[in-house]
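Undergrad:
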């Protein structure tokens with residue numbers, strides 16, 4: 008499964024019934040672009056952190072399953088020996 012981040016921009020000529028979240032009229036395009044870039048960067052950072060946690064949990068589960076298999080083998084070897 009491939010995850011993708013898709014950025015959807017509003018059309019410039021489109022009309023909306025809701026007010027924009029940013030009410031400050033004195034912000035420049037550069038400031039808005041910087042805010043958008045920072046937002047996307049934070050999303051990517053959260054996604055990467057979540058992936059690291061999932062990967063750590065998967066490795067932990069794998070290790071516990073491997074250790075459980077070794078422990079049962081050791082018990083078998085001790086009983087048999």
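Numbering (this note's numbering), first residue to last: 8 to 88.
Backbone N, C-alpha and C define an ideal beta-carbon position, used for all residues, glycine too.
Every value quoted in this text rests on a predicted model; they were computed, and no experiment measured them.
(1) Alpha carbon to alpha carbon, how far is residue 61 from residue 48?
(2) What distance in whole Å lies between the Cβ atoms of residue 12 and residue 50, which are believed to be in contact at a cut-off of 8 angstroms?
(3) I want to see whether chain B comes within less than 8 angstroms of residue 33, judged by CB atoms only; does it?
TA: On the basis of the supplied data:
(1) 20 angstroms
(2) 7 angstroms
(3) Among the protein chains of the structure shown there is no chain B, as only one such chain exists.
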